[in-house]
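Notes for the one structure printed next.
2 protein chains.
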Amino acid sequence: MEKNLSKEKRQERIKEKISTNPFLSDEQLAKIFRVSIQTIRLDRLEMGIPEMRKRVITLARNASSKVKALNKNEIIGDLIDIDLGKSGISTMHTTKDMAFGKNNIVRSHYIFSLADSLAMAIIDSDVVLTGIARLRYKKPVYSGQLLVAKARIATKKSNKYLVSVHIKCNHKEVFTAKLIMVSLEQKSNNSTFNIDNQKIKEF
Amino acid sequence: MEKNLSKEKRQERIKEKISTNPFLSDEQLAKIFRVSIQTIRLDRLEMGIPEMRKRVITLARNASSKVKALNKNEIIGDLIDIDLGKSGISTMHTTKDMAFGKNNIVRSHYIFSLADSLAMAIIDSDVVLTGIARLRYKKPVYSGQLLVAKARIATKKSNKYLVSVHIKCNHKEVFTAKLIMVSLEQKSNNSTFNIDNQKIKEF
DNA sequence: GCAGCCTTTATTAGGTGCTATTAAAATATT
DNA sequence: AATATTTTAATAGCACCTAATAAAGGCTGC
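Protein chains in written order, with our numbering: chain A, 569 to 771; chain B, 569 to 771.
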């Protein structure tokens, strides 16, 4: 595949190869670069790259902890302040993997998630679902920026809450939403669950 | 740790142990269950559980492909049919990790994502952003169910599209939305980007 | 030319975590 | 007691490595 590279260049390419495919064994790398296994091992040693099996283990560990974190976090973003039943503030650091590759604009559903789960969090009830939502994306958010979401319960009627959420980025409003959240306490039963086609007032 | 279990119970427990911690080697398992390594290996053989190193490799592979898929897939769900500039259909298999642990109800933002990215997909433009959205969650969706989303461009005014999306589950409508999508073609420039506070008609 | 250097390759011993096979104990069942 | 099941042991071999030692090859400067 690749051959007659200087030591320096080879080590560079090995680094690249391994980062794109961490499952490559020394033997495979040796074939790719047309050098002996020992050379590859010397290179790894010099660069401090661990053996394939250890690389795979760290990969798997990181990955499984990531998945767990995603599942554990019933709330998206970090709850900063909460006044249960009234209002709350949460933040989210936007990252590259939340955005479109080509323009780094954060995908809308991440912003919605932040608003939606904050709205859920401030309601003092075990089971809360989103009923109706009106979202307004005002400005594009670029990955890397910090979002600050503020939510407030505007009105409450029986088991329905109208929550308004404002999300800011650098002190500029980038998103607002009004959400009707429905709390499903012990009283309500699932078979007859049905959200009224009620209109949102004052929107 | 655990001892004097019947073969059947031990195998059950081994399965559990491995699923919670796939990094356990046969030696470690042997110590935990106070049996010989050979017994553990026989158990794995009978249950068809691969060796630790192979488990770790599949873990790492799945994990890295998951991350890549999430990043690569600009669209959430599977596009089934598309009539660019007019309409489209996509589906999504809901899984446990999309739902709340306690009641298996799929979180609202996954449903929104399906609708939003389908709306984005049917618009014949490179850069499309969500402007305003009205969402109506009609029935809770439980993990494991298949969602079918249909979207249609209702009206188009210059670079703004009104898209209606209907999501069904078992032929019952569980979600509807109207989205105003904004296409940012070469003409528009980012520094002056600003979505009008325009109202959605016929909602 | 060749001594001194870096680079590359080879060799050997050892380690981990396994598979696969054969066989012998230990325990349970009839 | 005879038979069957379960458990353990022992052995050979494999993939993929570390660690250490040594030798071969190439380049540089004197």
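Glycine is no exception: its CB is placed at the ideal position from the N, C-alpha and C atoms. Quick caveat: nothing in here was measured; it's all calculated off a predicted structure.
Output, in chain order, the set of chain A residues within a Cβ distance shorter than 8 Å of residue i.
| i | result |
| --- | --- |
| B:D646 | Within 8 Å Cβ-Cβ: nothing; B:D646 doesn't reach chain A, min ~17 Å. |
| B:N672 | Within chain A, no residue comes near B:N672; the closest Cβ sits about 11 Å away, beyond 8 Å. |
| B:F774 | Summary: the structure shown does not reach residue 774 of chain B, with chain B confined to residues 569 through 771, and so no result is reported for it. |
Please report how far the alpha carbon of residue i lies from the alpha carbon of residue j, in whole angstroms.
| i | j | result |
| --- | --- | --- |
| B:N630 | B:G712 | 20 Å |
| B:R720 | B:S693 | 15 Å |
| B:F743 | B:Y705 | 5 Å |
| A:E595 | A:I605 | 6 Å |
| B:T587 | B:T663 | Checking the displayed sequence, the identity of residue 587 of chain B turns out to be Ser instead of Thr. Taking the straight line joining both Cα atoms gives about 18 Å. |
| A:D665 | A:E570 | 32 Å |
| B:I685 | B:G699 | It should be noted that the sequence gives Ser, not Ile, for residue 685 of chain B. Going by the C-alpha atoms only, they are around 13 Å apart. |
| A:K707 | A:N738 | 12 Å |
| B:L752 | A:L703 | 19 Å |
| B:K670 | B:V709 | 14 Å |
| A:F668 | B:S574 | 54 Å |
| A:M749 | A:N727 | 8 Å |
| A:Y729 | A:I691 | 8 Å |
| B:D611 | A:V695 | 42 Å |
| B:I673 | A:L697 | 9 Å |
| A:R675 | B:A598 | 48 Å |
| A:R806 | A:I617 | Missing from the structure shown is residue 806 of chain A; chain A here goes from 569 to 771 and no further. |
| A:S681 | A:K622 | 36 Å |
| A:K724 | B:K740 | 29 Å |
| B:L652 | B:V731 | 13 Å |
Under 8 Å between beta-carbons, which chain B residues line up against residue i? List them in chain order, please.
| i | result |
| --- | --- |
| A:Y729 | The contacting residues do not exist; A:Y729 stays about 14 Å from chain B at best. |
| A:P618 | The contacting residues do not exist; A:P618 stays about 14 Å from chain B at best. |
| A:V709 | Near A:V709 there are no residues of chain B at all, since even the closest Cβ is about 10 Å away, more than 8 Å. |
| A:V742 | Those do not exist, as A:V742 stays about 10 Å from chain B at its closest Cβ, beyond 8 Å. |
Please check the pair residue i and residue j, which I expect to be a contact at CB under 8 Å, by giving their CB distance rounded to whole angstroms.
| i | j | result |
| --- | --- | --- |
| A:I735 | A:I643 | About 15 Å; that fails the 8 Å criterion. |
| A:A717 | A:L747 | With 8 Å as the limit, A:A717 and A:L747 do not qualify as a contact, their Cβ atoms being about 12 Å apart. |
| A:A745 | A:V733 | 5 Å |
| A:L714 | A:H661 | 6 Å |
| B:A683 | B:I650 | That pair is no contact at about 15 Å. |
| A:D646 | A:S658 | 6 Å |
| A:P590 | A:L627 | 6 Å |
| B:S593 | B:M615 | Going by Cβ atoms, the distance from B:S593 to B:M615 rounds to 16 Å, so no, they are not a contact pair. |
| A:K600 | A:K585 | Looking at the sequence provided, one finds Ile at residue 600 of chain A rather than Lys. The Cβ separation is near 7 Å, so the contact holds. |
| B:I625 | A:V624 | 6 Å |
Whose Cβ in chain B lies nearer than 9 Å to the Cβ of residue i?
| i | result |
| --- | --- |
| A:I700 | R702, L703, R704 and Y705 |
Please compile the residues from chain B whose C-beta is within a distance smaller than 7 Å of the C-beta of residue i.
| i | result |
| --- | --- |
| A:H677 | H677, F680, S681 and D684 |
| A:N738 | Within chain B, no residue comes near A:N738; the closest Cβ sits about 14 Å away, beyond 7 Å. |
| A:R621 | R621 |
DSSP has residue i in a bridge; who is on the other side?
| i | result |
| --- | --- |
| B:R720 | B:S655 and B:S732 |
| A:V696 | A:S751 |
| A:T744 | A:R704 and A:H734 |
| A:L592 | A:L592 is not bridged to any residue. |
| B:K725 | B:K728 |
| B:L573 | Note: B:L573 sits in no beta bridge, so no partner. |
| A:L714 | A:H661 |
Show which residues of chain A have a CB atom less than 7 Å away from the CB atom of residue i.
| i | result |
| --- | --- |
| B:A628 | V624, L627, A628 and A631 |
List the residues of chain A that residue i touches, going by C-beta distances under 9 Å, in chain order.
| i | result |
| --- | --- |
| B:V695 | F668, K670, N671 and I673 |
Just checking residue i against the ligand SAM - is the residue's beta carbon closer than 7 Å to any of the ligand's heavy atoms?
| i | result |
| --- | --- |
| A:E570 | You won't find the ligand SAM in this model; it holds no ligand whatsoever. |
Start-end ranges of the alpha helix (DSSP H) lying completely within the stretch 595 to 683 of chain A, minimum 4 residues: 605 to 615 and 620 to 640
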